[in-house]
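Asker: Count the sequence shown with my numbering and you get residues 45 to 298, in order.
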Amino acid sequence: MRKYVLTLAIACLVLITSCSSSNGDGAGAAPSESAPPVATEEAITDNSAPSDAFANLPQLNGEATVMLRVNGESIVIQVDGVHAPVTAGNFVDLVQRGVYDNTVFHRVVREPEPFVVQGGDPQSRDPNANPATFGTGSFVDPQSGQARYIPLEIQPSNANEPLYSRTFPEAGVTAEPTLTHRRGAVAMARSQFADSASAQFYFTLADVNFLDGSYAVFGYVTEGMEVVDQIQQGDRIESAEIIAGAENLTVAAE
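#1: Whole angstroms is fine: what's the gap from residue 255's alpha carbon to residue 176's?
#2: Quick check on residue 221: buried or exposed, where buried means 16 or more other Cβ atoms within 10 Å of its Cβ?
#3: Under 7 Å between the Cβ atoms of residue 105 and residue 292?
#4: Residue 219 and residue 206: beta carbons closer than 7 Å?
#5: Could you have a look at residue 185 and say whether DSSP puts it in helix, strand or coil?
#6: Please check the pair residue 275 and residue 161, which I expect to be a contact at CB under 8 Å, by giving their CB distance rounded to whole angstroms.
#7: Could you tell me which of 134, 263 and 173 sits nearest to residue 7, measuring between CA atoms?
#8: What's the gap between the Cα of residue 278 and the Cα of residue 148?
#9: Using three-state DSSP, classify residue 288 as helix, strand or coil.
#10: DSSP on residue 176, reduced to helix/strand/coil?
#11: Would you check if the segment 115-128 and the segment 248-262 touch, i.e. whether three or more CB-CB distances between them fall below 8 Å?
#12: Roughly how many angstroms separate the alpha carbons of residue 272 and residue 247, rounded to a whole number?
#13: Which whole runs of the alpha helix (DSSP H) in the segment 104-154 are 4 residues long or more, in chain order?
#14: Taking the alpha-carbon positions, what's the residue 108 to residue 268 distance?
#15: When DSSP labels each residue in this structure, what does residue 69 get in the three-state scheme?
#16: Identify whether residue 283 lies in helix, strand or coil by the three-state DSSP scheme.
#17: With DSSP collapsed to three states, give me the class of residue 247.
#18: Taking C-alpha atoms, which residue in 214, 123 and 185 lies nearest to residue 266?
#19: Rounded to a whole number of angstroms, what is the C-alpha to C-alpha distance between residue 79 and residue 252?
#20: To which residues does DSSP link residue 294 through a beta bridge?
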């Protein structure tokens, strides 16, 4: 029990976004446990498709393979657009844009037990940026000049489509997600607001299933987990590229 409480405390303090940022992603409060449960099929159905506000977001219609280079070594990620089309599409689009190149892994948590490695803050590319701000940045669309946020997207294992914009506890969903937080999962960091993920992501260093249903997993490390295990705070993503499945990415016309 003590071990679980320690891990949960780390999640609340570490994972997702800075408390000083209302819409960034990085480290902050975990989802509220006081959210009212709604155990009705109608409630789930109401949030089973992206709203019009997200209609122009990139989507991945299938799978893609992404390779990151860190410390001269490769990390291969299988990105799942079948069960997380918007989340996966956002990630693959940012890879294609070069957003992740030279970004920093600003948070690494291995004590008191292996937890996560988090990075992908676009502002960390700037060599003159203050490291204290890493974990609060988002991707800013160069066309609109606005930060791009994506909806929380998690598919229950007993459903044909993802649930959007609500956690499983908020929606009264008791099933496991199709994509779980097992070791090697890749998921989006966000603030306490469901639809606040942008660019930052994290690798899980162990099975951390208490995050299931609250944060959006969109893929898994298939090669190079030993490289992830060696990442230190301050290490950079030297490059990120799509090595398969780029044709499955759909991006709305500007």
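The C-beta atom is built at its ideal place from N, Cα and C for all residues, glycine as well.
Just so you know, these numbers come straight off a predicted model, no measurement behind them.
Answerer: So, from the data block:
#1: Going by C-alpha positions, residue 255 is about 25 Å away from residue 176.
#2: buried
#3: yes
#4: no
#5: coil
#6: With 8 Å as the limit, residue 275 and residue 161 qualify as a contact, their Cβ atoms being about 5 Å apart.
#7: Within the shown structure, residues of the chain are numbered from 45 to 298, placing residue 7 beyond reach of any answer.
#8: 6 Å
#9: strand
#10: helix
#11: The segment 115-128 and the segment 248-262 touch, with three or more beta-carbon pairs separated by less than 8 Å.
#12: 8 Å
#13: Counting whole runs of 4 or more residues, the segment 104-154 contains the alpha helix (DSSP H) stretches 129-141.
#14: 17 Å
#15: Residue placement at residue 69 is flagged as unreliable, the pLDDT there being 39, under the threshold of 50; the coordinate-derived value follows with that caveat. Correct three-state label for residue 69: coil.
#16: Reduced to three states, the DSSP call for residue 283 is strand.
#17: strand
#18: 123
#19: Residue placement at residue 79 cannot be trusted, given a pLDDT of 25 that sits under 50; the coordinates are not used to answer.
#20: 103
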